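Here's the structure we're looking at; comments come further down.
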Amino acid sequence: MGIEGGLARTRGGFLARLFGRKPDEPVTQEWLDTLEEGLLRADLSVSLVDSVMLQVRDIVRDGKAKTVPNVLDALREALVAVLTLPAAAPLTVSRPRVVLVVGVNGSGKTTTAAKLAKRLRDAGETPLLAAADTFRAAAIDQLETWAQRIGVPVVSGRPDGDPAAVVFDAINAAIARGNSVVVADTAGRLHTKGQLMEELGKIARVAARARAGAPDEVLLVLDGTQGQNAIVQAREFTKTAAVTGLVVTKLDGTAKGGAVFAIVDELRLPVRWLGVGEKADDLTPLDPRAFVDAMLPRSA
Amino acid sequence: MFEQLSDRLTTTFAKLQGRPRVGESDLDEALRDVRLALLEADVNFKVVRQLIATVRERAIGERVLESVSGAQLVVKIVHDALVEMLGGEAKPLARADKGPTVIAMVGLQGSGKTTSAGKIANLLRKQGRRPLLVAADVHRPAAIDQLEALGKQLALPVKRVGAASIARDVATAVRDAPGEGSDVVIIDTAGRLHIDETMMVEVEGIIAAASPHEILLVVDAMAGQDAVDAATVFKARLPITGLLVAKVDSDARGGAALSIRATTGLPVKLLGTSERLDGLEAFHPDRLAQRILGMGDIVTLVERAQEHVDQQEAEESAKRLMEARFTFDDFLRSLQQIKKMGPIGDLMKMIPGMGQLARQLPEGDQAERELRRIEAIISSMTKAERADPSVLNGSRRKRIAAGSGTTVSEVNAMVKQFGEMQKLMKQLGPMARAGRLPRLPGMPRLH
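Residue numbers (numbering that gives the first Met the number 0), protein chains in the order written: chain D, 0 to 299; chain P, 0 to 446.
What follows is the structure, encoded as structure tokens:
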């Protein structure tokens, strides 16, 4: 189909076209197409790109933005605004706090659970990990290895055991030992599998039996390299598990994770953490401005 | 995958066909819809641009605007362009002429390499071959344990490599495989980012040491726009031979994975369809193109039926069905066989023309739940009741409802439906025998 030639064009080429050659580069039809391409290749949802491009065309037509840098600045502000949600009311927290880590297969839940535990410990908390992915072969071993590496205790289930029971046990263990927070890793499940989603609902219900009001946080882990389906995942997981926030992983590659814009916009879920590498420390809070800049850089 | 894409295209074309002639603005509007549908399916934007340009060019070349049958022409042009994008015929896995066949799995983190390695081993073992699994992912904690656990489930040997001698140990495993009774070696490598130089050099070393006959790039069906860039780098660094698209049992439309086919020319060889070890299917581009365009995929349906349905039993119950001697017991057995073939909604979509209808059915889960309820009701009946529903009086129905955890009205509804089906079959039976119905899988040949 002759698109190999198109692919050979480097990222630099794309960015050079996006920024133009001079600081007061005027906005042209061709440039608007380039901008649209940039947004689409970042996995921003098609409907969001459509509405963004409409607004951009409006401000250009009304003369509110005449040059390329003007438009880019306006666009960055708009995107930052999407990601900036009003701060949630602080939780009335009873101990131990319970955090469930959920998501589809291969999104990076186990690694995220470990990184989160490390972060909490570094912040002076006393986390306890719960290895409740009893389905995937060796998932428990994977979390146990992490737990050992970062020096955080772990309560593990048996392979093929009941994941809700593991979470229940872990919460009780945390109460007995005085841990301040339980971080529970759950099995990957496709949001299309009704029974697995029901299982997740059960884990949440059983957690509440071990400590009233639990779980306090349900973090949905989204693979940043995924496309439009991430939006569907978020929608479905929110239905069963009362998701409280998002973790976007694998952003150390070239993927931009643009799908989260539509998720934040539609579901009003905050992005709590970004996964930016495979080491225990590679988990950072979201800085909306930096996230947007990574998508629409400030210079070529 | 792809149902929603199919929906959108169907709507677009229906709109177009409502016009007496396709004007220039009609064509623009249709192409805009096609473009949106493809982008929403995660088809790479460059592939989309190319496809739209091709379609527009051909539409003008074929004088769509002046033609009386312009709308049909556009549909045909889009269809052809899609088929080109998906690639031609199915490509089987490579097999060595001599010595063990070596297969390597590579890809990004979390794409599904380890599970897929286990599935391929299972598939080949079923074909009478003797696979050896080699665990070469020394980076992800417990990745080796995961492959070993899969090997144990499949009763197949697994070799682990040393962290400091990955390439050497892989080469040794390949060399020793025939002597140890294995004729296929499947190498699971660590997930890596295409821009991680150290890791890319590592996998180059593994591939050079093992010289695989098949190097499969494992791609997540839910992948986004970046997948094409990542795959392009993998292909530039390694002699990749094909793609394995994992997690196609999600509702993702898989456009990114298929864009990789279009941009790199690498054939999609296998699809991973569930978490179970038998969830692996050959990829048939032509069949998928038909499904996208709402033309069904009867070939896959027949194959699934052949694989899962006990032929003799099916013929027996089909005969009884035609003769209206079909009892609740037959019904239960048929339900159980159908369930083995996969989710009802999926099956419906494979029947030509049923795609739209399948969406009017209760959602996938609900359909499954409905089936479970019917099973429960029938299981709560006595033998005599199953053979002759006419004995089902009020108190029996009450008992069945209690036994199956349903209500009397649900039992009533089920029994009534069954009666109606029997009535329908009484009418259809003679027709089928007269050869006016197509032959269905599992049905006896009727003359």
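Built from N, CA and C at the ideal position, the CB exists for glycine as well.
All figures in this text were calculated on a predicted structure; none of them were measured in a lab.
Contact annotation: the region 153-163 of chain P touches the region 129-137 of chain P, with at least three C-beta pairs closer than 8 Å. Fewer than three beta-carbon pairs drawn from the region 258-267 of chain P and the region 204-212 of chain D are found closer than 8 Å, and the two stretches are therefore not classed as touching.
Contact between P:Thr-405 and P:Ala-375 holds: their C-beta atoms lie close to 7 Å from each other, under 8 Å. In chain order, Phe-12, Leu-15, Val-21, Leu-26, Ala-29, Val-54, Ala-58 and Val-63 place their CB closer than 8 Å to the CB of P:Val-73, counting only its own chain and leaving out the 5 sequence neighbours on each side. P:Arg-385 and P:Ala-412 have their alpha carbons spaced roughly 15 Å apart.
Not one beta carbon of chain P lies nearer than 7 Å to the beta carbon of D:Leu-31. The C-beta distance from P:Asp-219 to D:Gly-105 rounds to 6 Å, short enough to meet the 8 Å contact threshold. The Cβ of P:Asp-187 sits no closer than 7 Å to any Cβ of chain D. Apart from sequence neighbours up to five positions away, the residues of its chain that approach P:Val-202 with a beta-carbon distance below 7 Å are Val-105, Thr-188, Arg-191 and Leu-237, ordered along the chain. Listed along chain P are Phe-44, Lys-45 and Arg-48, each with a C-beta nearer than 9 Å to that of D:Glu-36.
If you draw a 10 Å sphere on the C-beta of P:Asp-228, you find 16 or more other C-beta atoms in it, and that means buried.
For the pair P:Ala-95 and P:Glu-213, the CB atoms are not nearer than the 7 Å cut-off. For the region 161-173 of chain D, no residue has a beta-carbon sitting nearer than 7 Å to a beta-carbon of chain P. Taking the Cα positions, P:Ala-235 is about 16 Å away from D:Thr-253. Per DSSP, the beta bridge partners of D:Trp-272 are D:Val-246 and D:Pro-284. Counting along the chain, no beta strand (DSSP E) covers D:Thr-27, and no H or E run does either.
For the pair P:Val-42 and P:Ser-258, the CB atoms are nearer than the 7 Å cut-off. Using a Cβ-Cβ cut-off of 7 Å, D:Ala-137 counts as an interface residue toward chain P, since at least one Cβ of chain P sits closer than that to its own.
For a cut-off of 8 Å, the C-beta gap from P:Lys-118 to P:Leu-216 is around 16 Å, too long to register as a contact. Under the three-state reduction of DSSP, P:Arg-18 is assigned to coil, being neither helix nor strand. Any Cβ of chain P closer than 7 Å to the Cβ of D:Gln-54 would place that residue at the interface, and such an atom is absent.
As a beta-bridge residue in DSSP terms, P:Ile-214 pairs with P:Ala-103. Inter-residue distance for D:Glu-277 and D:Asn-171 is about 30 Å (C-alpha atoms, whole angstroms).
Partner residues in the beta bridge of D:Asp-222, as assigned by DSSP, are D:Thr-248. When the alpha-carbon of D:Glu-265 is set against those of D:Leu-38, D:Thr-237 and D:Asp-292, the nearest one is in D:Thr-237.
Excluding five sequence positions before and after P:Ala-80, the CB atoms of its chain that fall closer than 6 Å to its own CB belong to Leu-50, Thr-53 and Val-54, given in chain order.
Within chain D, Arg-40, Asp-42, Thr-224, Gly-252, Thr-253, Ala-254 and Lys-255 have C-beta atoms less than 8 Å from the C-beta of P:Asp-225, given in sequence order.
Residues of chain P whose Cβ lies closer than 7 Å to the Cβ of D:Lys-249 are, in chain order, Gln-108. Secondary structure note for D:Thr-185: its beta strand (DSSP E) is the uninterrupted segment 180-185. Sorting D:Ala-112, D:Leu-74 and D:Val-26 by C-alpha distance to the C-alpha of D:Thr-248 places D:Ala-112 at the top. Residues of chain D whose Cβ lies closer than 9 Å to the Cβ of P:Leu-370 do not exist; the shortest such Cβ separation is about 12 Å. Between the region 229-245 of chain D and the region 123-133 of chain D, the count of Cβ pairs shorter than 8 Å is below three; the stretches do not touch.
By the C-beta criterion, the region 56-63 of chain D is judged not to be in contact with the region 137-155 of chain D, since fewer than 3 inter-stretch pairs fall below 8 Å. Considering only P:Thr-381, P:Ser-403, P:Thr-326 and P:Arg-368, the residue with the shortest C-alpha distance to P:Met-420 is P:Thr-326. Taking C-beta separations shorter than 7 Å and ignoring five residues to either side along the sequence, the partners of P:Met-84 in its chain run Val-46, Leu-50, Leu-257 and Ala-261, following chain order.
Chain order gives the chain P residues near D:Val-231 as Asp-250, where near means a beta carbon separation below 7 Å.
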